Amino acid sequence: MAERLRVFVKGRNPGCALLLTRNPDVVDKEINNALDRPLPLWRYETGESVRTLASAYQDRPISVRTVLFLDIPYRFSAEQPGMIGLTLAQTIANGAVPYAYVLGHTANQLDRKNLPLTRELLHFHRKNERHYEGMQSAAEVLLVSPAQSEEAYGPDAEAKIVAARRGAYRALVESHIPVDVLPDSKLEVAELDGRLARYKAIVLPNAAALSDAQVAILDRFVEQGGGLVATFESGTRDGSGKARAGGAVALESLGVRRVMARRDGFKELRGSYLRVTDRADLADLPETDVVPVDRAFLYVETRDGARPSFTFVGPTRYGPPEKCWWDSDHETDHPGLVWHSHGKGRTAYFPWPADTLFYGHALPECRSLLAHAVRSVAGGTQIETDLPPQVDVTVHKQPSSGATLVHLVNSSGHQDRSYHDPLPVHGRTLSLQIEGPVRRVTSAAQGTDLPFERNGNVVKISLPQIDLLDLVLVEP
Numbered sequence: 007m008a009e010r011l012r013v014f015v016k017g018r019n020p021g022c023a024l025l026l027t028r029n030p031d032v033v034d035k036e037i038n039n040a041l042d043r044p045l046p047l048w049r050y051e052t053g054e055s056v057r058t059l060a061s062a063y064q065d066r067p068i069s070v071r072t073v074l075f076l077d078i079p080y081r082f083s084a085e086q087p088g089m090i091g092l093t094l095a096q097t098i099a100n101g102a103v104p105y106a107y108v109l110g111h112t113a114n115q116l117d118r119k120n121l122p123l124t125r126e127l128l129h130f131h132r133k134n135e136r137h138y139e140g141m142q143s144a145a146e147v148l149l150v151s152p153a154q155s156e157e158a159y160g161p162d163a164e165a166k167i168v169a170a171r172r173g174a175y176r177a178l179v180e181s182h183i184p185v186d187v188l189p190d191s192k193l194e195v196a197e198l199d200g201r202l203a204r205y206k207a208i209v210l211p212n213a214a215a216l217s218d219a220q221v222a223i224l225d226r227f228v229e230q231g232g233g234l235v236a237t238f239e240s241g242t243r244d245g246s247g248k249a250r251a252g253g254a255v256a257l258e259s260l261g262v263r264r265v266m267a268r269r270d271g272f273k274e275l276r277g278s279y280l281r282v283t284d285r286a287d288l289a290d291l292p293e294t295d296v297v298p299v300d301r302a303f304l305y306v307e308t309r310d311g312a313r314p315s316f317t318f319v320g321p322t323r324y325g326p327p328e329k330c331w332w333d334s335d336h337e338t339d340h341p342g343l344v345w346h347s348h349g350k351g352r353t354a355y356f357p358w359p360a361d362t363l364f365y366g367h368a369l370p371e372c373r374s375l376l377a378h379a380v381r382s383v384a385g386g387t388q389i390e391t392d393l394p395p396q397v398d399v400t401v402h403k404q405p406s407s408g409a410t411l412v413h414l415v416n417s418s419g420h421q422d423r424s425y426h427d428p429l430p431v432h433g434r435t436l437s438l439q440i441e442g443p444v445r446r447v448t449s450a451a452q453g454t455d456l457p458f459e460r461n462g463n464v465v466k467i468s469l470p471q472i473d474l475l476d477l478v479l480v481e482p
């Protein structure tokens with residue numbers, strides 16, 4: 007039916023853009039809420055969706071359809087303004103076209119509470135539209151969305167694959183590491199068109215199911231100088247989801263030959279830890295000497311030249327406090343992190359679901375480990391800032407003007423099912439790498455020039471008050 011519609015419309019007006027579910031001219035994504043949607047609400051849904059679609063459909067514009075009403079049975083009640091504001095802000099900050107819809111005409115709405123903020127953000131986009139023309143992501147890190155693994159895991163996909171992907175995404179966003187998202191099915195296309203080569207690091211959040219061709223692409227990426235971070239069962243299954251023989255880990259670049267054994271569940275694993283063996287791997291948490299491990303842990307055989315870090319400590323005694331103590335007999339030499347050099351590149355592998363634990367329990371150790379691993383294999387940081395984790399930072403380039411566009415989205419208003427007004431952020435700075443001259447830095451939200459200083463290729467910007475959304479424009 008979609009193809010029949012396309013033939014009919016294009017035969018009469020070839021320039022008419024079709025928003026279809028199949029072969030669209032404009033890729034359209036709806037963002038909504040639902041009364042029965044389980045917690046936790048995924049507050050980064052819009053940003054993650056746009057980044058994924060932008061990578062999958064490079065040649066087509068992306069639009070986000072923001073639903074202004076509460077739910078389908080309650081079309082005449084407006085959604086929380088805070089949720090609408092965060093959705094539209096993430097849409098704009100990631101380069102998609104924002105629009106919103108209601109049932110009927112805006113003049114006849116019985117619940118108008120989210121219209122003022124909707125109007126404000128759509129006007130912001132219209133006012134700055136010239137900057138969005140031809141805007142391209144400048145992120146140096148790529149997160150692979152493991153759709154093949156979702157299919158392979160079946161009923162367990164939500165808990166083991168979706169949670170891993172979201173945990174890794176959230177860890178990067180909260181660590182202010184700009185990131186693109188690419189479906190695993192597009193890896194071969196991305197290598198052929200040269201896109202992969204522009205990234206400094208790739209992240210595999212429990213990407214268990216990888217075809218031989220995809221494994222070869224990732225190994226080549228590292229061999230040629232890229233960085234790779236992988237978690238848990240990445241590379242242990244083939245493209246169809248079948249476990250590889252002998253527990254083999256197909257990605258040679260990870261420095262792991264095979265999985266020898268695993269621990270799962272309450273009796274085998276709960277109460278286990280990783281003991282810090284190299285302080286540099288958890289440098290920003292100097293008072294923490296152990297990291298809790300839950301869900302599962304893999305005993306792996308490493309390759310020659312791999313450098314292990316952390317040591318696994320089996321379950322500690324469970325019971326009354328006077329019966330429980332640290333038992334050194336439970337300490338092993340099984341690593342919780344494996345560093346490896348492969349060709350010109352470097353990798354980091356976590357044989358446990360660090361990303362899933364961060365999504366489910368927000369353990370700061372997991373975020374710190376993932377961010378440190380990505381920065382290490384990438385060879386440095388794209389951004390340094392003292393912004394709080396609640397501020398998402400995206401970086402884009404506009405080739406026609408040579409400008410760098412930095413968007414700041416303040417999601418501090420989100421709490422469980424509530425979306426309050428975000429708390430303003432004051433007195434922060436942001437440093438980023440800029441090649442070439444910098445003539446002027448401005449804030450689109452404040453309409454003012456921003457003070458900055460330069461040291462080599464590093465431009466340090468003094469930020470204004472950040473409310474919900476700002477565009478910091480760096481002009482050559």
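Those letters in the sequence shown? Residues 7 to 482, per our numbering, in order.
Glycine residues also receive a C-beta, built at the ideal position from the N, C-alpha and C atoms.
Because the structure is a prediction, the values reported are computed rather than measured.
- Boundaries of the alpha helix (DSSP H) harbouring S374: P370 to A384, taken from the DSSP string.
- Shown here for V33: same chain residues with a beta carbon closer than 6 Å to its own, the five before and five after excluded, namely L59, Y63, R66 and I68 in chain order.
- Residue ranges of uninterrupted alpha helix (DSSP H) with 4 or more members, entirely inside the segment 45 to 96 and ordered along the chain, are 51 to 62.
- T112 is classed as exposed because its beta carbon has fewer than 16 other beta carbons within 10 Å across all chains shown.
- DSSP links H346 through a beta bridge to T353.
- Here C372 is buried. Its C-beta has 16 or more other C-beta atoms within 10 Å.
- Between the alpha carbons of D339 and V297 lies a distance of about 15 Å.
- G233: member of the beta strand (DSSP E) spanning G233 to T237, first to last residue.
- A residue is called buried once 16 or more other Cβ atoms fall within 10 Å of its Cβ, and T27, having fewer, is exposed.
- In this structure, R243 places its C-beta atom within 8 Å of the C-beta atom of A215.
- Here the segment 274 to 294 makes contact with the segment 314 to 327; the two share three or more CB pairs at distances below 8 Å.
- Take V478, set aside five residues on each side of it, and the residues of its chain with a beta-carbon closer than 8 Å to its own are L411, V412, H413, L414, L436, V447, T448, S449, A450, L456, I467 and L469, in chain order.
- Beta-bridge annotation (DSSP): L469 is not paired with any residue.
- In the three-state reduction of the DSSP assignment, Q154 falls in the helix class, which pools H, G and I.
- Around L304, the same chain offers V265, R268 and P357 as residues with beta carbons nearer than 6 Å, after the five sequence neighbours per side are excluded.
- Under DSSP, N416 forms a beta bridge with V397.
- As computed with DSSP, P189 is found in a beta bridge with S151.
- Taken through DSSP and simplified to helix, strand or coil, I208 comes out as strand.
- Scanning its chain for C-beta atoms nearer than 7 Å, with the 5 sequence neighbours on each side dropped, one finds around E441 the residues N463, in chain order.
- Under the DSSP assignment, L224 falls in the alpha helix (DSSP H) whose first and last residues are D218 to E229.
- Between the segment 158 to 172 and the segment 114 to 122, the count of Cβ pairs shorter than 8 Å is below three; the stretches do not touch.
- Boundaries of the alpha helix (DSSP H) around P122: L121 to K133.
- Around the beta carbon of F14, fewer than 16 other beta carbons sit within 10 angstroms, so the residue counts as exposed.
- DSSP places P327 in the helix class (H, G or I) of the three-state scheme.
- Residue pairing for A106: DSSP places it in a beta bridge opposite T72.
- By the CB criterion at 8 Å, A207 and L234 fall inside the cutoff.
- Beyond the five residues adjoining it in sequence on each side, R172 comes within less than 6 Å, by CB distance, of Y365 in the same chain, given in chain order.
- A144 is classed as buried because its beta carbon has at least 16 other beta carbons within 10 Å across all chains shown.
- Rounded to the nearest whole angstrom, the C-alpha separation of A196 and L202 is 6 Å.
- When only Cα atoms are considered, S83 and A106 end up about 15 Å apart.
- Using a 10 angstroms sphere on the CB of P152, the tally of other CB atoms reaches 16 or more, which defines it as buried.
- Using a Cβ distance threshold of 8 Å, S315 and L343 count as a contacting pair.
- By the beta-carbon neighbour count (other beta carbons within 10 angstroms, threshold 16), E85 is buried.
- Taking G349 as the centre and dropping the five residues before and after it, the same chain places the C-beta of V228, E229 and Q230 closer than 7 Å to its C-beta, in chain order.
- Spanning the alpha carbons of A213 and V168 requires a straight line of approximately 10 Å.
- At a cut-off of 3 residues, the continuous stretches assigned as beta strand (DSSP E) that sit fully inside the segment 251 to 288 are 262 to 270 and 278 to 281.
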